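Number of protein chains: 2
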Amino acid sequence: MDQMDILRALEHMPLFRGLPPGQKKILAVSAKEKNFPAGKMIILDSQEAKSLYVIVWGKVKIFKSSAEGKEQTIFIFGPGEPFCLTALTDEVSPASAMALDDTKIIYFPAGILEKVVREEPSILFNLLSLFSRRLKEVLTLVESISLKELPQRLATFLARSAILQKDGYVVELSFSHRELSKIMGTTPESLSRVFKKFAAQNILDVEGKIIIIRDYDALMRIASE
Amino acid sequence: MDQMDILRALEHMPLFRGLPPGQKKILAVSAKEKNFPAGKMIILDSQEAKSLYVIVWGKVKIFKSSAEGKEQTIFIFGPGEPFCLTALTDEVSPASAMALDDTKIIYFPAGILEKVVREEPSILFNLLSLFSRRLKEVLTLVESISLKELPQRLATFLARSAILQKDGYVVELSFSHRELSKIMGTTPESLSRVFKKFAAQNILDVEGKIIIIRDYDALMRIASE
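These protein sequence lines are chains A and B, in that order.
Quick note on my numbering: the first sequence kicks off at 16 and runs consecutively.
Quick note on my numbering: the second sequence kicks off at 16 and runs consecutively.
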């Protein structure tokens, strides 16, 4: 990407909404880009991370993992979405980031970003909103893993992700079932059992990454149990 | 508290560090105070909350709860610490808040705070740091409840809370064991079993809210398992 491309990409990023052209230019000049193939680590938990990252294309998973390889997905981000927000105030990353698809990111050194922000504090409000939303999402995640059983968690996730199509509600997963099990904080085997149970109850049908919701009301009832 | 008292309280709050006296005065004039006895709800999850709260004295628990009464503590805050940060960008609270001790809080309407912030953006950096720290803490909580077993979680908590005293490491709980079980995301019964197991292994002794650590190394080993 040349500078013009990066400038154009910045135009589409909500984080930089309201930033005057001059400041956007400073960011574009300092931006670096990098490509990550699917499965490649971008940031390691507790390692130094002094840049703000924004996804140009692809998909990035933010997660925590244990020494034994257990994993809990925290966010999945797509194009235009920033991550490693904490780089502005913290030297190390509070989680890991991995490319889920082939992904292009651009990143800005925290120092440059801080300079831009000091001269044009309006985007601090964008950043605050973003932090606020992320905090809220993580609190919902805590609620889900700590207070809900797996069928309820899965039903909530499906009810939220379902899109009304011609023949009814459908969820099109943009990642594997293995990945979904990490989002649910469970094993692929346990997830599969719940899917089978839901299928046996005529609540849904699973066709690979396409999940056809047969009984949306039942799903909502389980979600709000 | 009269205005002078509130002004003096503001001086001691890290959130307002760097705010010019004039802006502090505007905040002090708009501040309202309220007392909550121990056990009283301050904010309800998903309910309107358009003020930023700061604790003058006492202790406040931020938590999520389920319809069946299960509860997960997210933060416990003390004097000088603000909560309901999301009021600046959001109309509803993402969690509940309850007084753990007899507590006095002062609160500022989000509108006034936003006005002060627009005129003096320096405290936005304080707010960003705060958001960043809170986000990090919740990610650590997610890691703990999702990836660690209870003995490991409790050992981590105790190792972090332990203070070196004349005769060795001691944890002085500032809340009940029942409250601790909610922080650990478990039941009082399960928590009690782990304490008994640790005691049988000569790792610690429990004397009410005082926990005497007999074998700090063993505790650290369990924590990092």
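Cβ coordinates follow ideal geometry from the N, Cα and C atoms, glycine included.
Quick caveat, the model's predicted, so the values are computed rather than measured.
Any chain A beta carbon closer than 8 Å to residue i
i      : result
B:Q38  : no
B:K130 : no
B:L143 : yes
B:P136 : yes
B:K49  : no
B:D105 : yes
B:K151 : yes
Alpha-carbon spacing of residue i relative to residue j, whole angstroms
i      : j      : result
A:M19  : A:F92  : 24 Å
A:I21  : A:A114 : 20 Å
B:A170 : B:E240 : 10 Å
A:V75  : A:D116 : 7 Å
B:L100 : A:L145 : 12 Å
A:S159 : A:R168 : 6 Å
A:R32  : A:Q62  : 30 Å
A:L128 : A:I121 : 13 Å
B:L162 : B:S45  : 44 Å
A:L25  : A:K130 : 17 Å
B:M235 : B:V153 : 22 Å
B:E96  : B:P29  : 8 Å
B:A174 : A:S147 : 30 Å
B:I256 : A:A43  : A query on residue 256 of chain B cannot be resolved here, the shown segment of chain B reaching from 16 to 240 and no further.
B:P166 : B:I89  : 19 Å
A:L103 : B:N141 : 11 Å
B:S189 : B:P109 : 25 Å
A:I237 : A:F210 : 13 Å
A:P124 : B:F98  : 30 Å
B:P17  : B:D60  : In the sequence as displayed, the identity of residue 17 of chain B is Asp instead of Pro. If I take the Cα positions, the gap works out to 31 Å.
A:P203 : A:E164 : 15 Å
Contacts of residue i in chain A (Cβ-Cβ under 8 Å)
i      : result
B:K79  : L154, V157, E158, S161 and L162
B:E110 : The residue asked about is misnamed: residue 110 of chain B is Ala in this sequence, not Glu. Going along chain A in sequence order, the residues near B:A110 (Cβ under 8 Å) are L154.
B:S147 : L100, T101, L103, T104, D105 and F146
Residue nearest to residue i in terms of C-alpha spacing, selected from the options
i      : options                           : result
A:P94  : A:S191, A:A170, A:H27 and A:K197  : A:H27
A:S111 : A:A64, A:R229 and A:L42           : A:A64
A:G84  : A:E222, A:Y231, A:T201 and A:A215 : A:T201
A:V69  : A:Q87, A:D105, A:E204 and A:T118  : A:T118
B:G241 : B:M56, B:Y231 and B:E106          : Here chain B has residues from 16 to 240 only, and residue 241 of chain B is not among them.
A:V185 : A:R236, A:L34, A:L143 and A:I218  : A:I218
B:W72  : B:K197, B:D230, B:N50 and B:T155  : B:N50
A:L195 : A:A102, A:K224 and A:F213         : A:K224
A:A53  : A:I89, A:K130 and A:S191          : A:S191
B:Y231 : B:F172, B:S189, B:R133 and B:E222 : B:F172
A:Q87  : A:F210, A:V157 and A:A233         : A:V157
A:L34  : A:V132, A:E48 and A:D17           : A:V132
A:F213 : A:R229, A:K55 and A:P203          : A:R229
Where residue i meets chain A, residues with beta-carbon distance less than 7 Å
i      : result
B:I89  : L154 and V157
B:T171 : Near B:T171 there are no residues of chain A at all, since even the closest Cβ is about 12 Å away, more than 7 Å.
Within-8 Å CB hit, residue i to chain B
i      : result
A:L206 : no
A:L139 : yes
A:L59  : no
A:F31  : no
A:K85  : yes
Under 9 Å by beta carbon: chain B residues contacting residue i
i      : result
A:G200 : V157, I160, S161 and L162
Interface partners of residue i on chain B, CB under 8 Å
i      : result
A:K76  : Within 8 Å Cβ-Cβ: nothing; A:K76 doesn't reach chain B, min ~14 Å.
A:T118 : None at all; the shortest Cβ gap to chain B is about 21 Å.
CB contact below 8 Å: residue i versus chain D
i      : result
A:R168 : No chain D is part of this structure, whose protein chains are labelled A and B.
(request) Report yes or no: do the segment 179 to 196 of chain A and the segment 133 to 148 of chain B share at least 3 C-beta pairs separated by less than 8 Å? (result) Too few Cβ pairs lie closer than 8 Å, so no.
(request) Take every Cβ of the segment 35 to 48 of chain B, pair it with every Cβ of the segment 77 to 89 of chain B, and state whether three or more of those distances are shorter than 8 Å. (result) The answer is no - the segment 77 to 89 of chain B does not touch the segment 35 to 48 of chain B, with fewer than three Cβ pairs under 8 Å.
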